[in-house]
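Novice: Numbering (this note's numbering), first residue to last: 2 to 152. Glycine is no exception: its CB is placed at the ideal position from the N, C-alpha and C atoms. Below is the structure I would like to discuss, written out as structure tokens.
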Ligand code: FES
């Protein structure tokens, strides 16, 4: 299967059956990500333990196929990793979509997320793919102070 076909398959699968599409009742960190240009809107909930490991994560809200599938895949890639490792994945993903990644080690860190590299060909969609990562960046810095309802 070529990479474009695999990308389409992964995108469809994660859009139709998003992983970790849930509100975390016991989240320790939270952020709200909005793309004002289109109105896409996600709430991101993270549970981080005292060793700074992400033990659970959930996202909820509405978005296009790209923003939703990237969000879904992001949650599967960051769970059980330290906040430091996750920050590195986030940086590499944003670099992948905005610059050139030539470093094979960086691609290894991203795993299947590299499938989204061709989004770069459609500059207007780059924000779709980075929306949840910006929320992740904010969530890692924001401790959750109150429970947020997405209803
Ligand atoms: Fe809004 Fe993709 S169209 S984030």
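Using the Cβ count rule (16 or more neighbours within 10 Å means buried), how would you classify residue 154?
Specialist: Nothing can be reported for residue 154, as the shown portion of the chain is limited to 2 through 152.
Novice: Alpha carbon to alpha carbon, how far is residue 84 from residue 5?
Specialist: So the alpha carbons of these two residues sit roughly 31 Å apart.
Novice: Could you pull the start and end residues of the beta strand (DSSP E) that residue 36 belongs to?
Specialist: Counting along the chain, the beta strand (DSSP E) containing residue 36 begins and ends at 30-36.
Novice: What residues in its chain sit with their C-beta under 6 Å from that of residue 128, if we drop five residues either side in the sequence?
Specialist: If we look at residue 128 and ignore the five residues flanking it on each side, its Cβ neighbours are 36.
Novice: What separation, rounded to the nearest whole angstrom, lies between the Cα atoms of residue 122 and residue 31?
Specialist: Their Cα atoms are separated by approximately 31 Å.
Novice: Which stretch, first to last residue, makes up the alpha helix (DSSP H) that contains residue 67?
Specialist: 66-79 is the span of the alpha helix (DSSP H), which, as asked, contains residue 67.
Novice: To the nearest angstrom, report how far apart residue 107 and residue 97 are at their CA atoms.
Specialist: C-alpha separation (whole angstroms): 9 Å.
Novice: Less than 7 Å separating the beta-carbons of residue 58 and residue 119?
Specialist: Their beta carbons are not under 7 Å apart, which means residue 58 does not touch residue 119 by this criterion.
Novice: Applying the criterion that 16 or more other CB atoms from any shown protein chain within 10 Å of the CB defines a buried residue, is residue 99 buried or exposed?
Specialist: So residue 99 ends up on the exposed side.
Novice: What whole-angstrom Cβ distance do residue 81 and residue 49 have, given they're in contact under 8 Å?
Specialist: Rounded, the Cβ-Cβ distance is 11 Å, inconsistent with contact.
Novice: For the alpha helix (DSSP H) containing residue 94, name the first residue and the last one.
Specialist: It spans 84-99 - the alpha helix (DSSP H) in which residue 94 sits, taken as one unbroken run.
Novice: Taking residue 71 as the reference, which of 142, 3, 133, 53 has the closest Cα?
Specialist: Of the listed residues, the one whose Cα sits closest to residue 71 is 133.
Novice: Within 10 angstroms of its Cβ, does residue 125 collect 16 or more other Cβ (buried), or is it exposed?
Specialist: With fewer than 16 other Cβ atoms within 10 Å, it is exposed.
Novice: Who are the Cβ neighbours of residue 16 in its own chain at under 7 Å, not counting the five residues just before and after it?
Specialist: Excluding positions up to five away in sequence, the list reads 66, 69, 70.
Novice: Quick one: is residue 109 buried, meaning 16 or more other Cβ sit within 10 Å of its Cβ, or exposed?
Specialist: It counts as exposed.
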